[in-house]
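First comes the structure, then the notes that go with it.
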Amino acid sequence: MPKQTVPNVTLNNGVQIPQLGFGVFQVPPEETQRIVEDALEAGYRHIDTAAAYGNEAAVGAAIAASGIPRADIFLTTKLRNGEQGTAREAFGHSRRELGVDYVDLYLIHWPVPSRNLFAEAWKAMEELHAGGEIRAIGVSNFLANHLDTLLQSADVVPAVNQFELHPTFQQPELAAKSRSLGIAVEAYSPLGQGADLDAAAVTSVADGHGVPPAQVVLAWHLAQSTIVIPKSANSGRMRDNLAAVDVVLTPEEIGGITALEAGARIGSDPAVAAHSQM
Ligand code: A2P
Numbered sequence: 542m543p544k545q546t547v548p549n550v551t552l553n554n555g556v557q558i559p560q561l562g563f564g565v566f567q568v569p570p571e572e573t574q575r576i577v578e579d580a581l582e583a584g585y586r587h588i589d590t591a592a593a594y595g596n597e598a599a600v601g602a603a604i605a606a607s608g609i610p611r612a613d614i615f616l617t618t619k620l621r622n623g624e625q626g627t628a629r630e631a632f633g634h635s636r637r638e639l640g641v642d643y644v645d646l647y648l649i650h651w652p653v654p655s656r657n658l659f660a661e662a663w664k665a666m667e668e669l670h671a672g673g674e675i676r677a678i679g680v681s682n683f684l685a686n687h688l689d690t691l692l693q694s695a696d697v698v699p700a701v702n703q704f705e706l707h708p709t710f711q712q713p714e715l716a717a718k719s720r721s722l723g724i725a726v727e728a729y730s731p732l733g734q735g736a737d738l739d740a741a742a743v744t745s746v747a748d749g750h751g752v753p754p755a756q757v758v759l760a761w762h763l764a765q766s767t768i769v770i771p772k773s774a775n776s777g778r779m780r781d782n783l784a785a786v787d788v789v790l791t792p793e794e795i796g797g798i799t800a801l802e803a804g805a806r807i808g809s810d811p812a813v814a815a816h817s818q819m
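Sequence positions in the sequence shown follow the numbering used here and run 542 to 819.
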């Protein structure tokens, strides 16, 4: 079966990122290598991990075992909250865990405003980026006020803001603000960790197209230029999700899914999330 062609999004520094990637949040380290090998075999070429997930080494092992050229894989990892004061060392540790010479995208995982260290971390990341060890730098879980604070001292505008975004929790103002600054929006928990797949507005569209509900939700994200990183431990569902790139929704179908907004946050609130949480 031919592999799906995933479109690229061009980030604000010209780097291209596959719009549909594979996330490994909550994937246990002992299962991660097998799962990432399956994802690469299915055709994913964008893998999203984090130091805090504890599975970087397994991600790196899967990439090495796949035999796929490093340049053909877009690899994201994230700075652990407790290491914002030592970002350079933390990045070196992640790079060694992953077993790679460079990382494609490195994100500040959470702003942790109570520590007031993210602007300092950003300076270290700017230096690593200038040195060629990171192709693009960005943030995760940054709310509007965190972006404003960062931009007061930043020389490099973040390439990406990765935050919780799914039909029942869309954060439209944050997405619009990020985009207005030239920051690409990347959705984590794009399926609402599976919870948004049973909504009638999703299942009716899925039935109409003869596709699984997850493809409809992912196609809804893709239609809005959002980068998505669904995860699945199951190789059949991995392939289902990748095939979302071939699903084209009508404006009415997109509107019906957008109307599911319910303020249903699943993860932590970045305004208060403490560094001990990740
Ligand atoms: P599983 O790993 O058993 O496939 P999110 O990416 O929003 O965090 O969602 C991940 C959750 O959604 C996981 O529980 C995953 O379960 C489930 N999931 C992923 N893809 C699909 C799919 N195509 N159909 C149904 N459930 C899915």
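C-beta: ideal position from N, C-alpha, C; glycine also.
Any non-hydrogen atom of the ligand A2P closer than 7 Å to residue i Cβ
i	result
Lys772	yes
Arg778	yes
Asp739	no
Ala755	yes
His587	no
Ser730	yes
Asp748	no
His707	yes
Gly735	yes
Gly564	yes
Asn775	yes
Asn596	no
Asp781	yes
Of the listed residues the options, nearest to residue i (C-alpha basis)
i	options	result
Val743	Asp810, Pro708, Asn622	Pro708
Gly735	Ile768, Lys772, Trp761, Gln703	Lys772
Glu674	Ala665, Ser681, Asp737, Asn682	Ala665
Asn657	Val789, Phe632, His670, Gly626	Gly626
Thr690	Gly623, Glu661, Ala606	Glu661
Gly796	Gly751, Ala591, Val746, Phe632	Val746
Ser694	Val568, Trp663, Tyr643	Trp663
Gly564	Asn553, Thr590, Ile576	Thr590
Val641	Ala605, Ala716, Thr791, Ile770	Ala605
Arg621	Gly672, Glu572, Ser681, Ile609	Ser681
Gly749	Glu794, Asp737, Ser719	Glu794
Arg586	Val600, Pro754, Gly562	Gly562
Leu722	Lys619, Val701, Asp737, Leu738	Val701
Val752	Val698, Leu790, Gly623	Leu790
Gly733	Arg636, Arg720, Ala814, Ile770	Ile770
Same chain, Cβ closer than 6 Å to residue i, five either side skipped, listed in chain order
i	result
Asp645	Phe615, Leu616, Arg676
Glu802	Gln711
Val556	Arg676, Ala677
Leu546	Contrary to the premise, residue 546 reads as Thr rather than Leu in this sequence. Excluding sequence neighbours, Thr546 sits near nothing in its chain.
His823	Coverage of the chain is limited to positions 542 through 819, which leaves residue 823 absent and any answer about it impossible.
Ala740	Leu801
Pro548	Gln560
Leu669	Phe632, Ile675
Proximal residues to residue i (C-beta, below 8 Å), its chain only, five neighbours per side dropped
i	result
Pro543	Residue placement at Pro543 cannot be trusted, given a pLDDT of 49 that sits under 50; what the coordinates show is reported in the next sentence. Correct list: empty, nothing qualifies.
Lys718	Ala685, Leu688
Residues near residue i in its chain [Cβ-Cβ closer than 7 Å; skip 5 each side]
i	result
Ser838	The question about residue 838 has no answer here: the residues shown for the chain are numbered 542 through 819.
Ala602	Gln574
Thr551	Gln557
Gln765	none
Gly804	Phe710
Asp579	Ser776, Met779
Leu715	Leu684, Ala685, Phe704
Between the region 803-813 and the region 599-615, are three or more C-beta pairs nearer than 8 Å? Flag = no, the region 803-813 and the region 599-615 do not touch.
Are at least three pairs of beta-carbons, each pair with one atom in the region 642-652 and one in the region 595-604, less than 8 Å apart? Put simply, the region 642-652 does not touch the region 595-604. Fewer than three CB pairs are less than 8 Å apart.
Give a yes or no on contact between the region 715-728 and the region 774-785, applying the rule of three or more CB pairs nearer than 8 Å. no
Does the region 745-760 come close enough to the region 778-793 that 3 or more CB-CB pairs lie under 8 Å? yes
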